[in-house]
Amino acid sequence: MHMEGVVTALATANRFTLNDQVVVVSAATRFDDLTVSDLALNMALEVEGAINQAGELLASRVAAQHVRDGRTLMLEGNVLLLQPDQKTFTLPGGVLQVDNASMLLLGRDADQRQTSGSFASIKVGDFVRVEAVPQSDGSLRVLRLDWGHRRCRLLASSHLCTGRDPRTEYCWLVAAGWRL
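Numbering follows UniProt numbering, in which position 97 of the sequence shown is assigned residue number 97; successive positions increment by one, without gaps.
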């Protein structure tokens, strides 16, 4: 199994949580670009291994994801917590930092033009999709945030769903996992 995400909890020296998946490391685990003592909350990692009977990921390899890798993380979920003074918010996948370079997109207006928002527009409970870049200190900096999307309900008479939010013109095609 291959998994990418952020460290959401540190339990013991050989056990941590990556995006709500418990990961167990051992002397046999290979660490690339870091050691077990380097692990920190919100650190972006790649983990390879196998799931044991307890549902834990037994890591055979752990690697840090660096900004120099050119990789971004995609997170989505409902906003759990806002910290306006620090311009941070929390999703199930971690704490995210908004700065002046972050693109915050509300959706499309009646003329189909993309509209933007500000940090003050974000509310606890909003469903958002975020593209973020891991920083050297393990934090996540928001590059792009799209909000107003929701998970959809399938209509009995159609393959389309009714997940529209008044601020957007998005609806997802549920069949085959396609999104419009």
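Just so you know, even glycine gets a beta-carbon here, dropped at the ideal spot from N, CA and C.
Quick caveat: nothing in here was measured; it's all calculated off a predicted structure.
Checklist line | For Arg30 and Gly77, the rounded distance between their alpha carbons | finding: 31 Å
Next item on the list: Could you tell me how far apart the beta carbons of Ala63 and Leu45 are, in whole angstroms, since I believe they sit closer than 8 Å?
Entry: 7 Å
Item checked: Residues near Thr88 in its chain [Cβ-Cβ closer than 6 Å; skip 5 each side] -> Val95 and Gln97
Next item on the list: For Val124, name the three-state secondary structure that DSSP assigns.
Entry: coil
Note to self: Report the start-end ranges of each beta strand (DSSP E) in the UniProt domain "DUF5666" (4-62) that is 3 residues or longer and not cut off at the edges.
What the structure shows: 15-18, 21-24, 30-32 and 44-51
Next item on the list: Name the residue from Leu39, Asn19 and Met1 whose alpha carbon lies nearest to the alpha carbon of Gly49.
Entry: Met1
Margin query: On the DSSP letters alone, give me the boundaries of the beta strand (DSSP E) that residue 257 sits inside.
Written below: The structure shown does not extend to residue 257, since the chain is modelled only from 1 through 180, so no value can be given for it.
Notebook entry, point to check: So, Val6 versus Leu73, is the Cβ gap smaller than 8 Å?
Noted result: yes
Check: Given a threshold of 16 other Cβ atoms within 10 Å of its Cβ, counted over all protein chains shown, does Pro134 qualify as buried or as exposed?
Finding: buried
Margin query: Tell me which residue opens and which closes the beta strand (DSSP E) that Asp137 is part of.
Written below: Run containing Asp137: none; DSSP gives neither H nor E here.
Margin query: Rounded to whole angstroms, what is the Cα-Cα separation between Ala101 and Ile122?
Written below: 16 Å
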